[in-house]
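In the order they appear, the protein sequences are chains A and G. So in the numbering used here, spot 25 of the first sequence is number 47, and the numbers just go up one at a time. So in the numbering used here, spot 317 of the second sequence is number 339, and the numbers just go up one at a time. A virtual CB, placed ideally from N, CA and C, is assigned to each residue, including glycine.
There are 2 protein chains.
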Amino acid sequence: MAEIIVVGAGLVGSLLSIFIAGRGREVEVYDRMPDIRLAGGNSGRSINLTLCERGLKVLDSVGVGDVVRAAAVPVYGRLIHDVKEELTFQPYGNHREAIYSISRSDLNKILLDYAASHYGIKFHFDEKCLGVDLDAPSIETKNSQTGLVTNHKAERIFASDGAFSAVRLQMQKKLRLNFSQQYWEQAYKELRVPPDAAGKWTAEKNVIHVWPRGNYMLIGFPNLDGSFTCSLHLALEGPLSFASLKTKDALLDFFQDSFPDVVPHMPELVTDFFTHPANSMVTIKCSPWSYEGKVSLIGDAAHSIFPSYGQGANAGFEDCATLAECMEQYGDDWTTLLKEFESRRRPNTNAIADLCVEHFVELRDLVGTPGFLLRKGIERKINQAYPDKYKDLYSMITFTCMPYTEALRVDREQRTVVDQIMRVEDIEQKLDSPEVERVIDRLMAVR
Amino acid sequence: MAEIIVVGAGLVGSLLSIFIAGRGREVEVYDRMPDIRLAGGNSGRSINLTLCERGLKVLDSVGVGDVVRAAAVPVYGRLIHDVKEELTFQPYGNHREAIYSISRSDLNKILLDYAASHYGIKFHFDEKCLGVDLDAPSIETKNSQTGLVTNHKAERIFASDGAFSAVRLQMQKKLRLNFSQQYWEQAYKELRVPPDAAGKWTAEKNVIHVWPRGNYMLIGFPNLDGSFTCSLHLALEGPLSFASLKTKDALLDFFQDSFPDVVPHMPELVTDFFTHPANSMVTIKCSPWSYEGKVSLIGDAAHSIFPSYGQGANAGFEDCATLAECMEQYGDDWTTLLKEFESRRRPNTNAIADLCVEHFVELRDLVGTPGFLLRKGIERKINQAYPDKYKDLYSMITFTCMPYTEALRVDREQRTVVDQIMRVEDIEQKLDSPEVERVIDRLMAVR
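This is the structure:
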């Protein structure tokens, strides 16, 4: 019998196994998919992700941070493409801070390799979880190669099996689980710009490219090999939607009108569009995360968020670090340990979930508008004058490790300062004037 | 193949079958439980319910209203029992309006009998729904007597299989279903006062008895035979909870302290308490309710609410009436019909769900407090002076058929009037003074 079973060998599951093994506990991991280190091909679900300070700090704490950095592309800001093909650069931070773009599968492979080579952790692939006995606790898995159904008992089970967690479904049936899932009317689809694309915007490798278009948008993430992984965000149904773009011509017309500078660099656009799945965006919250010290949800299984802040993986990694802290503190009192884990993390994951919904609307609708750019300009100005007293929300989330709840609280306070400066007459023309500097000084003096 | 299958032969399922058959369509109903008309005994889940204007109007429209009224006890208000055994009567309406207390199983039996005798509708009991094929559409059921598993195909399937709907679970797996379920930390348990109880409060048959005690409460519903069905609302866990009351002595001490006037009339208290289940209170919302014109949720399967306003059955019956209207209007265009059904009903069921949470807190915490009684007194006064211009929320929900959304909107407007009158100095002493009457006149003149 395994001491601890982890269900799901994705980003959170593989990192969690490292933390558990690092504390001298035996752990085995089961995953329904084939080993991505062996399987080839691109499922169209491998959209890139970004790692930021808080995620990298966790990876550093187990010694795998630099391996990950070496496989990622640092990016320093957004490059906004408007419909007239004009470009505007928005730095993410005021001090040339970077976030790191990396493909989900590359990151996953690194973590699996590290877990296997440093700790000898046993991963069982092709093992789909059919059922969970919360009391035993045990899981029943079916091998997709052999068809063999097996029961695996453990002292404890962690479920890092993602947004549509099989373990959580069992908890929903058995427990009084508070639960909500809210879908966005839009979904996103992966489209590729191959590495041999050359010239114009594709020369800009150290930025995230964004084509905000109101009801839809395109985002391009750079890869180490010079390629870009783009995601098209679009309504699933309606007049302009994944459902409405039925023919090659309709698709090409739409891209020519909306993203003319992209078309020459996407030779596989038509194939990608009509073969890749449209991935849903869903916010999932639930409570409690654990059952009697025996079974606990973690990562996307416990909280699923929109990808808009690039925080999914970072938040899941922070879960692992907090769980490890609780393991240090509470030893073998697993009931208390798992409750404490939830009570430390859930307020934070709720906060980032709400912020992601808010930021998605901002990215899509506002990132290209004068009002948004002006607010960003004001924030930059305040931050330059008061680098220790003022940090914008994006920076707090991305370039610090302060709890999400704290970032949210500070931001709501700070907003009132920007609101007041926005009310200065003709602020558009006066951003660098002594008058505005005086207003900033006055407002910041009382903070 | 059946034209229409209804899953669940509870209150909504049996009434729905009557509406469908009444429109000349063939319908068969499957239920996982035995036929309650044959099965004896009391499961402890048969808490009484109350029918009000909107539910009775629907029952009248299919001709079964008077049969139901004859099996119910009309009640005209709440009789509040305080800890000192003092009683205060609060009429539900200002014009001696009644709501009707009836046991869930008696009402269900009436509807099943009516459906079978007037329309020859086929009910299949002991058939547990194991799975649903949304595309076919079809259901797979297992007979709990014979063990036989059968597949039943239909043109359309309605799921009235309650708050923990098997059909909805399938929709949640297959569709992008927005879904939330929020449990209350309290649950309720059925306790009986037998018909031979005599004297004191049990002589008051035409009221709902309420023992509000802050963190917990007892409610007593009268039955035709002179018995009362009581429900004890209490936390599931914690210092004083269903979990903490572990022994006969602890239970009796608690009742003697909290509900001394009840104890002599509950000879079966100990047995009832330790054998009856604690029923959860849960608010469930979801969307969409239907799949491609083939499958639709209805009643508790689509929206589950707290029992605090006594609206669960009434809201479910209104669902049936609205669906019937849509059937008249849209004929065989089921995709439009089911979407329209949801768009007419869901705003209303969302509104009553939120109001029920609000009212439960009010009932438990406020019903016995002077502030609450004063507000009720002010509302009664305004309503007496302006019966056409002012109706309190409870009356709008209970004694009218106005949509729940409209009742909510009107109430929020009216609250500002009561708020202003509450601010009159020494209002407690002045309720019947000309001064307050003038304030009321002035405020109502501008409405």
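Asked: Status (buried if at least 16 other CB within 10 Å, exposed otherwise) for G:MET23; Found: exposed
Asked: Under 7 Å by beta carbon: chain G residues contacting A:ARG198; Found: TYR205, SER302
Asked: Three or more C-beta pairs below 8 Å linking the region 304 to 314 of chain G and the region 182 to 202 of chain G; Found: yes
Asked: C-beta neighbour in chain A for G:SER263, strict 9 Å; Found: no
Asked: Any chain G beta carbon closer than 9 Å to A:PHE201; Found: yes
Asked: Beta-carbon proximity list for G:PRO369, same chain, < 6 Å, skipping 5 on both sides; Found: THR427
Asked: Bridge partners - A:ASN370, DSSP secondary structure assignment; Found: A:ASN370 is not bridged to any residue.
Asked: Backbone secondary structure at G:MET239 - three-state DSSP; Found: strand
Asked: Test: A:LEU240 CB closer than 9 Å to a CB of chain G; Found: no
Asked: is_contact[G:VAL29, chain A] using C-beta, thresh 9 Å; Found: no
Asked: Residues near A:LEU385 by beta carbon distance below 6 Å, same chain, minus five either side; Found: SER330
Asked: Selection from G:SER455, G:ALA158, G:VAL383 that minimises the alpha carbon distance to G:GLY399; Found: G:SER455
Asked: Cα-Cα separation between G:VAL97 and G:LYS227, rounded to whole angstroms; Found: 8 Å
Asked: For A:VAL28: DSSP bridge partner residues; Found: A:VAL51, A:PHE180
Asked: Nearest residue (CA-CA) to G:TRP223, options G:HIS174, G:SER166, G:VAL284, G:GLN203; Found: G:VAL284
Asked: The region 125 to 135 of chain A / the region 290 to 301 of chain A touching (three or more Cβ pairs under 8 Å); Found: no
Asked: Chain-order list of residues whose beta-carbon lies under 8 Å from that of G:VAL383 (same chain, five-residue window excluded); Found: none
Asked: For A:GLY85 and G:LEU430, the rounded distance between their alpha carbons; Found: 57 Å
Asked: Residue-level contact to chain G via CB, A:LEU396, 9 Å cutoff; Found: no
Asked: Proximity winner among G:VAL49, G:GLY99, G:PRO216, G:ASN70, relative to G:LYS175 (alpha-carbon distances); Found: G:VAL49
Asked: Nearest neighbour of G:ALA137, chosen from G:ARG235, G:VAL80, G:TYR408, G:LEU38 [CA to CA]; Found: G:LEU38
Asked: Residue-level contact to chain A via CB, G:LEU453, 9 Å cutoff; Found: no
Asked: Reference A:ASP279; option with closest CA among A:MET239, A:SER318, A:ALA257, A:ALA300; Found: A:MET239
Asked: Cutoff 9 Å: G:LEU258 Cβ touching any chain A Cβ; Found: yes
Asked: Selected residue, minimal CA-CA separation from A:ILE143, among A:ALA31, A:PHE394, A:GLU119, A:ALA265; Found: A:ALA31
Asked: Cut-off 6 Å between Cβ atoms - residues of its own chain near G:GLN203, not counting five sequence neighbours on either side; Found: VAL304, ILE306
Asked: Which residues DSSP lists as bridging A:PRO310, in chain order; Found: A:PRO310 is not bridged to any residue.
Asked: Own chain, CB closer than 7 Å to A:LEU267, minus 5 neighbours either side, in chain order; Found: LEU273, PHE276
Asked: Span separating the alpha-carbon of A:ILE462 from that of A:ILE69; Found: 41 Å
Asked: Cβ contact check for the region 399 to 409 of chain G and the region 371 to 383 of chain G: 3 or more pairs under 8 Å; Found: no
Asked: Contacts around A:LYS211, its chain only, beta-carbon distance under 6 Å, and the 5 residues preceding and following it disregarded; Found: LEU254, HIS298, ALA300
Asked: Residues sharing a beta bridge with G:GLN203, DSSP; Found: A:PHE201, G:ILE306
Asked: Opening and closing residue of the beta strand (DSSP E) in which G:ALA257 lies; Found: 250 to 257
Asked: Distance cut-off 8 Å: G:ALA176 Cβ against heavy atoms of the ligand SAM; Found: Here there are no bound small molecules, and the ligand SAM is not part of this structure.
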